[in-house]
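Here's the structure we're looking at; comments come further down.
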Amino acid sequence: MKTKTALTVLLVLLTILNAHAYRIEEITTDPAAAVSGDDVTIVISGMFPDTGSDITSVQIDIVGDTLNADLIGFYQGGGGQMETPFTETIHWGELETGQYYIHVRLYMDWNDEIRLMDDTTAVISIEESIDRYPNLVISNGNVDPEIQYFPVRELNFNYEISNISDYNTAGQSRSYFYFSDVDVLEEDNRFYRTTRNQLDSIPANESLVINGENLPLRRINLPGEYFVIVDADGDEDVVESDENDNRMAISFTIVDTIDHHTTPIDSFETPGPAKYLKIVDNVAYIICRDTTGLALFDVTDIENPMELSFTGFGQYPLGVVIIDEMAYIQDSRYGIFLLQVTNPRRPEILSYIDIGGIGSFAVEGSYLYVVGNDLGLVVFDISNRESPELVGSSNDEISYYCINIRNDLAITWGRRNRSMYNIQQPENPEIVSSTRIEYDVKFANFQDDIAFLAVGESIRTLNFADPFQPVELSRYIADAGIGSISIDGNFAYIANHDEGLMILNVDNPWEITRIGEYYSKSPVLCADFRDEYVFIANSFDRVTIVSNNLHGLHVPKESSESETTEFELQTCYPNPFNSSINIAFSIPLSSEVSIQIYNTNGQLVETVLEKPMPAGKQSVVWNAGGAPAGIYFLKMIADDNQFSDKVRKVVLIR
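Going by this note's numbering, the first residue of the sequence shown is number 1, and it counts up by one from there.
Structure, rendered in structure tokens:
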């Protein structure tokens, strides 16, 4: 039985570049054929240096999880010296979940010889399809206000549109759907949401049944309980109007049968739009925009939060760090404010650090470390909170977005760069590492040795056990910008802007899964927690409190002998990799374990691990060093028993 799957395109091109202009440029999947993963089609695009060449033969060979394709081109003569693209489509067929490899070689037939011109490998991943909202239906009735806001992948509904015009528009017609919370839509109504869709043309005096197949509504926050259709097939209105020519809307009900594992508890007003918040010892510290200041609320009684104080200052406060009854607040105009919050009813501004261009800061002991635009790393002594003193600087004027302190290292993240400074002597920070990375990090949070990075609309996890050679473990696509990441044991609470609050299971950082969510009427900017309660800041003058219904169901992070029932070579990540790869495995009882690396010729390249290991989940890092780029196989041996089925294929790129 094949698993119904959805294709996640994770294409990594590993191209052996040569001086010839005959080249393979891209290997992709045909989206029309790869929606479900049951009928995968590969599209290979490339370039000829002339107009006289063409692909004359395609030979494919499917071996296990690898598709090998040889494209043979022929120069027919008479062509001009203009680059000419070519495209070849290869049908692979039905695939189960898992990772697959595509190896493509481009040859040219020169009559007397066939010469290899380009050699490229790509990787795709087929993941199990998760229909998060399989039971959304439209029916007559009213909308429950508690469940009307959530993104829609598909709506299952039927509605009939009739064409009563005297003509038929050729081709396709355009239909506009307006959603509202009123049942009569006047001409000057500002409709809350508009969705434009293409519909098949409707013959005159006939009708078309609209349903989820020919009119899918994807990823839309549906407000209200009515919709009206206008401009369908040439008619400005295809629904009835009242005697005043107001459009009469069609009512519907959205039924959400999915357990999102969250329950709304309460909400409370704030002195201004809540931009950022932190929860410390039953006190909520809330950065407010417009009114520009810090509001403190007592949240001991979760259903009756009580405002303690509001302190106005600055011009554009962005975030707050709470340490030892001190609040450090970043302001884009004035720098960093230092507030004494020993008495939360009467916070006191002690001082501020006048420094512009701040990207982020971190407090460690008696020192405050600042990075930003052309600042490098700047260090202030804050042992006297009323008079911070500039005591050190890296003097390199490098721009960084954010900073983390790990022991005697300051880890800074810039434009596709990660640098580290030795801060054993804070007055003289010394750069000890600078690494080019493929992405920009908005901010990073650590839990033990695991770093959770906000990268665009995704979250990446890195293992910093060796800070000079961190290993990427996983990446999770969040579908919207990341406002904050708060880690509570096995849970990560993600402020996911338009997607609302996401709850992720991070018990296994190699495989992050989404286990809960809460959808808000406005973008979620920040979220923090206290026990099972999550506090959500958005662009409204309110903070919403929801409960995580899974709290208390934590899975222990360390496996015992009874929990691990078999020998298993698990996830290898990242794969493909360019320097080092993390190899995860599990053993049900204490054993002598060997992890071996083989090349495609079956030759042993390296033994990564060979020693006694305790029962449970384990991991080891293979630093590929001088190994050439290519495909390698990992095998696990325990107590001299070779587990031939415990083999993983990995790809090393350079």
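Using N, Cα and C, we set each Cβ at its ideal position, and we do this for glycine too.
Cutoff 8 Å; reference aspartate 65; Cβ partners in own chain excluding five residues on either side: Same-chain partners within the cutoff: Gly98, Gln99, Tyr100, Tyr101, Lys649.
Close-in-space but distant-in-sequence residues of the same chain around alanine 274 (CB under 6 Å, 5 per side omitted): Ile286, Ala537, Val543
Chain-order list of residues whose beta-carbon lies under 6 Å from that of valine 621 (same chain, five-residue window excluded): Val471, Ser580, Asn582
Reference asparagine 404, options Glu348, Tyr476, Tyr533, Phe452, closest by Cα: Phe452
Which of helix, strand or coil DSSP assigns to lysine 442: Lysine 442 carries a coil assignment under DSSP once its states are collapsed to helix, strand and coil.
Glutamate 592 to phenylalanine 585 span [Cα, whole Å]: 13 Å
Inter-residue Cα distance where the pair is isoleucine 631 and threonine 571: 16 Å
Supposed contact pair glycine 314 and aspartate 331 - C-beta distance, whole angstroms, cut 8 Å: 4 Å
Boundaries of the beta strand (DSSP E) in which glutamate 397 is found, first to last residue: Looking at the DSSP string, glutamate 397 is not in any beta strand (DSSP E), and its letter there is neither H nor E.
Three or more C-beta pairs below 8 Å linking the stretch 456-463 and the stretch 420-438: no
Beta-carbon gap between tyrosine 493 and phenylalanine 446 smaller than 8 Å: no
Distance between leucine 504 and valine 363 (C-alpha atoms, nearest Å): Distance from the CA of valine 363 to the CA of leucine 504, rounded to the nearest whole angstrom, comes to 28 Å.
Beta carbon of glutamine 396 nearer than 8 Å to that of glycine 376: Reading off the sequence shown, one finds aspartate at residue 396, where the question assumed glutamine. In this structure, glycine 376 lies closer than 8 Å to aspartate 396 by Cβ.
Helix, strand or coil at leucine 116 [DSSP, three-state]: strand
Inter-residue spacing [alpha-carbon to alpha-carbon] between methionine 82 and arginine 23: So the two alpha carbons sit approximately 14 Å from each other.
Secondary structure of glycine 312, DSSP reduced to three states: In the three-state reduction of the DSSP assignment, glycine 312 falls in the strand class, which pools E and B.
Given 8 Å, three or more beta-carbon pairs between the stretch 300-307 and the stretch 340-358: no
Rounded straight-line distance, which links the Cα of proline 576 to that of leucine 634: 13 Å
Complete runs of the beta strand (DSSP E) confined to the stretch 568-644 [at least 3 residues]: Within the stretch 568-644, the complete beta strand (DSSP E) runs of at least 3 residues are 568-573, 580-587, 591-599, 604-613, 616-623, 630-638.
Segment contact, 8 Å Cβ cut-off, at least three pairs: the stretch 435-450 with the stretch 409-419: As far as the Cβ criterion goes, the stretch 435-450 touches the stretch 409-419, which means the pair count is three or higher.
Residue range of the beta strand (DSSP E) that includes glutamate 472: Counting along the chain, the beta strand (DSSP E) containing glutamate 472 begins and ends at 471-477.
Backbone secondary structure at isoleucine 349 - three-state DSSP: Secondary structure of isoleucine 349 (DSSP, three-state): strand.
Nonlocal neighbours in the same chain, by C-beta distance under 7 Å from proline 134, ignoring five residues either side: Confidence at proline 134 is low in this model, with a pLDDT of 37, below 50, so the placement of that residue is unreliable and no value is reported for it.
Coarse secondary structure for valine 543, derived from DSSP in three states: strand
Nonlocal neighbours in the same chain, by C-beta distance under 6 Å from glutamine 424, ignoring five residues either side: Asp408
Simplified DSSP state of arginine 23, which is helix, strand or coil: strand
Simplified DSSP assignment, three categories, for threonine 292: coil
Distance, aspartate 507 Cα to methionine 636 Cα: When rounded, the distance between both Cα atoms is 24 Å.
Test item: CB-CB of glutamine 596 and leucine 589 under 8 Å: no
Nearest candidate by alpha-carbon position, reference glycine 483, set Phe491, Pro388, Leu501, Asp50: The residue with the shortest Cα to Cα distance from glycine 483 is Leu501.
Three-state class that DSSP yields for tyrosine 533 in the structure shown: strand
Buried versus exposed, by CB contacts within 10 Å (16 or more), lysine 611: exposed
Buried versus exposed, by CB contacts within 10 Å (16 or more), phenylalanine 664: A query on residue 664 cannot be resolved here, the shown segment of the chain reaching from 1 to 654 and no further.
First and last residue of the uninterrupted beta strand (DSSP E) at histidine 103: 98-109
Which listed residue (Thr51, Phe567, Glu566, Glu532) has its alpha carbon closest to that of leucine 550: Glu532
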